[in-house]
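**Student:**
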Amino acid sequence: MEHILSILIFFPLFAALIGLLVDKESIRAYGIVITFVEFLLSCVMWAGYDSSAGSIQFTEFIPLVSQFGISYNLGLDGISLFLVIMTTFITMISLIGLTETRNLKHMILSVLVLEMAMVGVFVALDAMIFYLFWEFSLVPMLYLIGAWGGPQRIYASVKFFIYTFTGSLIMLLGMLYLGYIYSEATGVWSFNLLDWYMLQLPLDMQLWLFAAFFFGFAIKVPMVPFHTWLPYAHGQAPTIGSVILAAVLLKMGTYGFIRFSLPLFPDASVEMMIPMAILGIIAIVYTAMVAYAQEDIKQVIAYSSVSHMGVIILGIFALNVEGIGGSIFLMISHGIVSGALFMLVGVLYDRKHTKMMSEFGGLAKVMPMYATIFGIMLMASVGLPLTIGFVGEFLSLLGFFAVSPIITAIAGLTIILGAVYMLVLYKRTFFGPITNESNLKLKDLNGREYSALIPLVMLVVYLGIYPKPILEPVDKSVKQVVQIMYIKAVTPEAKEKIATVNSIGER
Amino acid sequence: MITPISIDMISLNIASIAPMTIAVLGALFILCIDLVRKHNDKHFYVVLTALFLLIDFVSIVSYSGANRGFFDVILIDGISLLSQAIIVISSALFIFLSLTKQRFHEYRYPEYFALFLFMTAGFQFMASSDNLILIFVGLETASLSLYTMIAMHNRDKASEAAIKYFTMGALAAAFYAFGAMLLYYVTGSIELSTISNHFAITNFDNYPLILLGVVFMIGALGFKLSLVPFHTWAPDVYEGSSASMAGYIAIVPKIAILVVAIRFFSIFIQADDTWVRSTLYMMAIITMTLPNLIALVQTDIKRMLAFSSISHAGFVLVAIMLGTTQAIESLFLYWIMFAFVIVGAFAMLWVHRTKEEPSFYGFTSDYQFDKFTGLVKTAPVAAFMLGILMLALAGVPPFSLFWGKMYLLSATINSGEIFLAVVMVLNSAIAAFYYLKLIVYMFLKTRDDNIAIEYRAMNNLILKVIIGIAVAFSILSIFWLDTILAIVKMAVQTSGY
Chain A
428 MEHILSILIF FPLFAALIGL LVDKESIRAY GIVITFVEFL LSCVMWAGYD
478 SSAGSIQFTE FIPLVSQFGI SYNLGLDGIS LFLVIMTTFI TMISLIGLTE
528 TRNLKHMILS VLVLEMAMVG VFVALDAMIF YLFWEFSLVP MLYLIGAWGG
578 PQRIYASVKF FIYTFTGSLI MLLGMLYLGY IYSEATGVWS FNLLDWYMLQ
628 LPLDMQLWLF AAFFFGFAIK VPMVPFHTWL PYAHGQAPTI GSVILAAVLL
678 KMGTYGFIRF SLPLFPDASV EMMIPMAILG IIAIVYTAMV AYAQEDIKQV
728 IAYSSVSHMG VIILGIFALN VEGIGGSIFL MISHGIVSGA LFMLVGVLYD
778 RKHTKMMSEF GGLAKVMPMY ATIFGIMLMA SVGLPLTIGF VGEFLSLLGF
828 FAVSPIITAI AGLTIILGAV YMLVLYKRTF FGPITNESNL KLKDLNGREY
878 SALIPLVMLV VYLGIYPKPI LEPVDKSVKQ VVQIMYIKAV TPEAKEKIAT
928 VNSIGER
Chain B
131 MITPISIDMI SLNIASIAPM TIAVLGALFI LCIDLVRKHN DKHFYVVLTA
181 LFLLIDFVSI VSYSGANRGF FDVILIDGIS LLSQAIIVIS SALFIFLSLT
231 KQRFHEYRYP EYFALFLFMT AGFQFMASSD NLILIFVGLE TASLSLYTMI
281 AMHNRDKASE AAIKYFTMGA LAAAFYAFGA MLLYYVTGSI ELSTISNHFA
331 ITNFDNYPLI LLGVVFMIGA LGFKLSLVPF HTWAPDVYEG SSASMAGYIA
381 IVPKIAILVV AIRFFSIFIQ ADDTWVRSTL YMMAIITMTL PNLIALVQTD
431 IKRMLAFSSI SHAGFVLVAI MLGTTQAIES LFLYWIMFAF VIVGAFAMLW
481 VHRTKEEPSF YGFTSDYQFD KFTGLVKTAP VAAFMLGILM LALAGVPPFS
531 LFWGKMYLLS ATINSGEIFL AVVMVLNSAI AAFYYLKLIV YMFLKTRDDN
581 IAIEYRAMNN LILKVIIGIA VAFSILSIFW LDTILAIVKM AVQTSGY
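Chains as they are written, first to last, in my numbering: chain A, 428 to 934; chain B, 131 to 627.
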């Protein structure tokens, strides 16, 4: 168990390298086997994780560039644990549901390399190593979107790359500055996050650094007004690209806020609570409206992603255990649900080669099972109680209620607006008469699709009814983050604010 | 009555010029062999050249004498040894690129290899002196060899490139001579250390004349470093010379001139001269930005790389402008990382030169972007390697140039130049676009017209090994970053920067 995190990171990479030798015919099976083993490994890690403590576990530390304080430093706590498991799980499911045939070997090997980068982002505790995986994840994704995407794939992929690359470079400046501050304060260079947690910074410096990190994370999330790359990327990406993008890559941004921005800049975070929440609300309301106006099913789901990411941001900047814990749960649930929805759209696209709602109608008659699963996922996306989507959304909103009931009330629109565009989508696609004759011949789900979708449905229902296995370890680790924030805050106002928002259930 | 001059051999410190002497002797040796036995194969000369460079390298690494020699004309300090090592290693890598399967005009002449060694010696002299005249002699030795070697490439554009480079170079040489003259007029010395002392004592007396001298020096050094607005020769010269020579021009002359620039400008930077500092500041920003924007619209990869290397020169100019210890360290780190990537990238282009004229396939040049369309299908390994080199140039971690860029950014931030750091970062983002362009062509576009391009005309084991070294260095650079940083730090700190 000592090196489980290194194994988790580098197993897919080595598998990808050795995979070059595997024959084209069996590469799909190879990919599924590797991701399945990776998923099992992550489950082993979960079993070995001590949920009674919220501290960072499985730490590994190897100095790499000792003169500049860069070290290979890994660790895992309740916040990253489930993100890692979700990553391995979604990668496996997306490969199971894969129907692509062109140049399959390159695609599967890129997905494996991408998996390495994604796991690396969630377990790295050294800022430079984090940045390394963070940036590197762009490369396989660029290839996935650009090589297997739709007609505008090159524009979409390059836009995705340049946009996120620019944001992250500004974040890099912030990291380098923080490293400099650390070296000024202690005399040695360090990019170790745990060392940085000890650093107390004056408020104005915190605000500047918060802004630098904000560019990196907000573009990735994406938050309005930096969201414009996402609809393109989703619209053009192949199904597997959309699934991984929505389920995992977007979560890297929100994870970054929790791992870096909150504990490193507590005063700035308190200052920015309301502005961030307003950006979140704009995302929730505005993109929900945009989603309603879309004709393309995939675009609806893409915009709904932006909308839900707004709720996650809101939960994070509630700065209390409920909000942050809820937002982490929402990250997991959104990963599962949006991943499933994109796969479902992919199923339809494979059959009809179109994603336009106007081409469909009355599908419930010809594809009853498909319609059922789509319905369940849709309800989870809307946030129906007893589905996985409800828990996270409720907790995030509950968390922010302690900060500002008015903003929370507006944010509550997410459930209503989400219901509006999702149900309209469902109505136009599945109900009514079959307007298009050729749709009569559509086949219902086949075995491969069942095996990819059924596990997702089970998770949606199970975790919706009983979220405790996830919430408990998450809460323990989030408490530690909040504690660090409270201890590190330099202004008394910020300290008091953190204390008041964390008093839910005590009044 | 002439007083007899007694020269003490020990005070001459012969060892200080041993590395250059080896290269010069090697060149003469090659010329003598040609007298005895004509028409030797190019492999013979390449191996011989490489061997002399090896001995040269060993004598650099094992140097342990005083850092002054020859009446204080030679200055062998840490950065001199380090840059000489970079010069010799990159020269050795590039000379192997001439071992192609295809025959080329220039490699039939043994003089080519003699010139190559003369040039290396010239650059080594430049890097190891603070005497303006010896620097000038080294510069001209190297440049004249270089002009000739470019012209020997016997294609239409080669002579054009050589003449363009030569005329502009002659102008730069005149600038240099004039600048040095003015400095001599003001200070009565051509030794940078004495000049520096003189300034310190007289508190920059006669400032306008000094500035005039500096302006001419900026012109001369700026020309060789291809700083905007003295950069106009670069794209044409890169385009006209063979890919291996273009790569050489991108690295080796520049590191030699960078050392001169560090020695020269540090006089003013350390004296906190606002005028010189702000001039360099503006030049750095323009040199980073302008060629970057021009590179966006290029259709020829070699021209694109030419503009991008101008932009990289702007990055290292930032380091010179800052002048702090970390900045000078980052300059060398950046250039070492850059050197290996450029070796790989230009070797890759060199390998992809087709046997037929480009017009045979309907291309306007050998390295049009379009030629690489769909390379991942026809030659996946080559495409992946070139892709990695491009990502390295763009500064995507964990590939080598990212670390150089990161260290340089860190040096910039530590000097409090946040705005400059933001400009650098934005420029990196712009640059990512045109590096990605090649990746887009190779990986994302597919060729519809099915032209069967014979790419492997140039391929052979030795070229593959060179490219392999470059790519391996790029991918795994994080593992030897610590070692390189230690060497660079030692070299820079012992030189007193």
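We put the beta carbon where it would ideally sit given N, CA and C, even for glycine.
Remember, it's a predicted structure, so these values are computed and weren't measured experimentally.
What would DSSP say about Ala-879/A, mapped onto helix, strand or coil?
**Tutor:** In this structure, Ala-879/A counts as helix in the three-state DSSP scheme.
**Student:** Quick check on the DSSP output: the beta strand (DSSP E) that includes Tyr-237/B runs from which residue to which?
**Tutor:** Unbroken run through Tyr-237/B: none, as it is neither H nor E.
**Student:** Note down the Cα distance separating Gln-494/A from Asp-612/B, rounded to an integer number of angstroms.
**Tutor:** Cα-Cα distance, rounded: 7 angstroms.
**Student:** Between which two residues does the beta strand (DSSP E) containing Phe-485/A stretch?
**Tutor:** First-last of the beta strand (DSSP E) with Phe-485/A: 484-492.
**Student:** Is Thr-417/B buried or exposed, if buried means 16 or more other CB atoms sit within 10 Å of its CB?
**Tutor:** Thr-417/B is buried by the Cβ-count criterion.
**Student:** Check for me: the beta strand (DSSP E) holding Tyr-499/A runs from which residue to which?
**Tutor:** Taken as a continuous stretch (DSSP letters only), the beta strand (DSSP E) holding Tyr-499/A covers 497-503.
**Student:** Are the C-beta of Glu-527/A and some C-beta of chain B separated by less than 8 angstroms?
**Tutor:** By this cut-off, Glu-527/A is not an interface position.
**Student:** On the criterion of 16 or more Cβ atoms from any shown chain inside 10 Å, does Asp-260/B qualify as buried, or is it exposed?
**Tutor:** So Asp-260/B ends up on the buried side.
**Student:** I want to see whether chain A comes within less than 8 angstroms of Phe-462/B, judged by CB atoms only; does it?
**Tutor:** So no, Phe-462/B is outside the interface.
**Student:** Should Phe-544/B be flagged as near chain A, meaning a C-beta pair shorter than 8 angstroms?
**Tutor:** The residue asked about is misnamed: residue 544/B is Asn in this sequence, not Phe. So, interface residue.
**Student:** Look up Gln-232/B in the DSSP assignment and say whether it is helix, strand or coil.
**Tutor:** If DSSP states are grouped into helix, strand and coil, Gln-232/B belongs with coil.
**Student:** If you measure beta-carbon to beta-carbon, which residues of the stretch 563-591 of chain A are closer than 8 angstroms to chain B?
**Tutor:** Those would be Phe-563, Leu-565, Val-566, Leu-569, Tyr-570, Gly-573, Ala-574, Arg-580, Ile-581, Ser-584, Val-585, Phe-588 and Ile-589, in chain order.
**Student:** Would you mind reading off the limits of the alpha helix (DSSP H) that contains His-533/A?
**Tutor:** That run of the alpha helix (DSSP H) goes 531-550.
**Student:** Identify each residue in the stretch 592-622 of chain B for which the Cβ-Cβ distance to at least one residue of chain A is less than 9 angstroms, and report them in chain order.
**Tutor:** Residues Ile-608, Phe-609, Leu-611, Asp-612, Leu-615, Ala-616 and Lys-619.
**Student:** Residues of the stretch 537-567 of chain B in Cβ contact with chain A at a cutoff of 8 angstroms, in chain order, please.
**Tutor:** Per Cβ criterion, the list reads Tyr-537, Leu-539, Ser-540, Ile-543, Asn-544, Ile-548, Ala-551, Val-552, Val-555, Leu-556, Ser-558, Ala-559, Ala-562, Phe-563 and Leu-566.
**Student:** Using the Cα positions of Leu-205/B and Ala-292/B, report the straight-line distance between them to the nearest angstrom.
**Tutor:** If I take the Cα positions, the gap works out to 32 angstroms.
**Student:** Taking Met-913/A as part of the alpha helix (DSSP H), name the residues at either end of that continuous run.
**Tutor:** A small fix is needed here, since residue 913/A is Tyr in this sequence, not Met. From DSSP, the alpha helix (DSSP H) with Tyr-913/A extends over 895-915.
**Student:** Within its chain, find whatever has a CB closer than 7 angstroms to the CB of Pro-665/A; leave out the 5 residues flanking it on each side and keep chain order.
**Tutor:** Within the same chain, Pro-665/A has close Cβ partners Glu-527, Leu-571, Trp-575 and Gly-576.
**Student:** Compare the C-beta of Val-570/B against all C-beta atoms of chain A and say whether one is closer than 8 angstroms.
**Tutor:** With 8 angstroms as the cut-off, Val-570/B counts as an interface residue toward chain A.
**Student:** State the start and end residues of the unbroken alpha helix (DSSP H) segment that holds Ala-673/A.
**Tutor:** Counting along the chain, Ala-673/A falls outside any alpha helix (DSSP H), and DSSP gives it neither H nor E.
**Student:** Could you tell me the alpha carbon to alpha carbon distance between Val-191/B and Leu-211/B, rounded to whole angstroms?
**Tutor:** Cα to Cα, Val-191/B sits roughly 7 angstroms from Leu-211/B.
**Student:** Measuring CA to CA, which of Met-311/B, Ala-304/B, Ala-443/B and Val-166/B is closest to Leu-523/B?
**Tutor:** The option with the nearest alpha carbon to Leu-523/B is Ala-443/B.
**Student:** Which residue marks the beginning of the alpha helix (DSSP H) containing Gln-663/A, and which one marks its end?
**Tutor:** Per DSSP, Gln-663/A belongs to the alpha helix (DSSP H) from 656-663.
**Student:** So which residues of chain B does Ile-597/A contact, with C-beta pairs closer than 8 angstroms?
**Tutor:** Those within 8 angstroms of Ile-597/A in chain B are Val-552 and Val-555.
**Student:** Between the alpha carbons of Ser-439/B and Leu-452/B, how many angstroms are there, rounded?
**Tutor:** Cα-Cα distance, rounded: 20 angstroms.
**Student:** Bridge partners of Gly-199/B, per DSSP?
**Tutor:** In DSSP, Gly-199/B forms a bridge with Ile-204/B.
**Student:** Quick check: is the beta carbon of Val-176/B nearer than 8 angstroms to any beta carbon in chain A?
**Tutor:** Chain A, which has no Cβ nearer than 8 angstroms to the Cβ of Val-176/B, makes this no.
**Student:** Shortest alpha-carbon distance to Phe-485/A belongs to which of Leu-468/A, Tyr-499/A and Asp-504/A?
**Tutor:** Out of Leu-468/A, Tyr-499/A and Asp-504/A, Asp-504/A has the C-alpha closest to the C-alpha of Phe-485/A.
**Student:** Classify Met-515/B as helix, strand or coil using the three-state DSSP reduction.
**Tutor:** In this structure, Met-515/B counts as helix in the three-state DSSP scheme.
**Student:** Interface residues of chain A around Phe-573/B at Cβ under 8 angstroms?
**Tutor:** Going along chain A in sequence order, the residues near Phe-573/B (Cβ under 8 angstroms) are Tyr-570, Gly-573 and Ala-574.
**Student:** Please report the straight-line C-alpha distance between Ile-914/A and Thr-542/B, rounded to a whole angstrom.
**Tutor:** Roughly 32 angstroms between the two C-alpha positions.
**Student:** Report the residues of the stretch 445-477 of chain A with a CB closer than 7 angstroms to any CB of chain B, ordered along the chain.
**Tutor:** The residues in question: there are none.
**Student:** Using a Cβ cut-off of 8 angstroms (strictly closer), state whether Gly-643/A contacts chain B.
**Tutor:** Taking Cβ atoms only, chain B never reaches closer than 8 angstroms to Gly-643/A, which makes this a no.
**Student:** Please report the straight-line C-alpha distance between Ile-728/A and Phe-466/A, rounded to a whole angstrom.
**Tutor:** Approximately 26 angstroms between the Cα atoms of the pair.
**Student:** For Lys-906/A, tell me which candidate among Ile-739/A, Asn-747/A, Leu-501/A and Ser-734/A has the shortest Cα-Cα distance.
**Tutor:** The candidate whose alpha carbon is nearest that of Lys-906/A is Asn-747/A.
**Student:** On a Cα-Cα basis, can you pick out the residue from Lys-619/B, Asn-590/B, Gln-623/B and Leu-574/B that is closest to His-533/A?
**Tutor:** When only C-alpha atoms are compared, the closest one is Leu-574/B.
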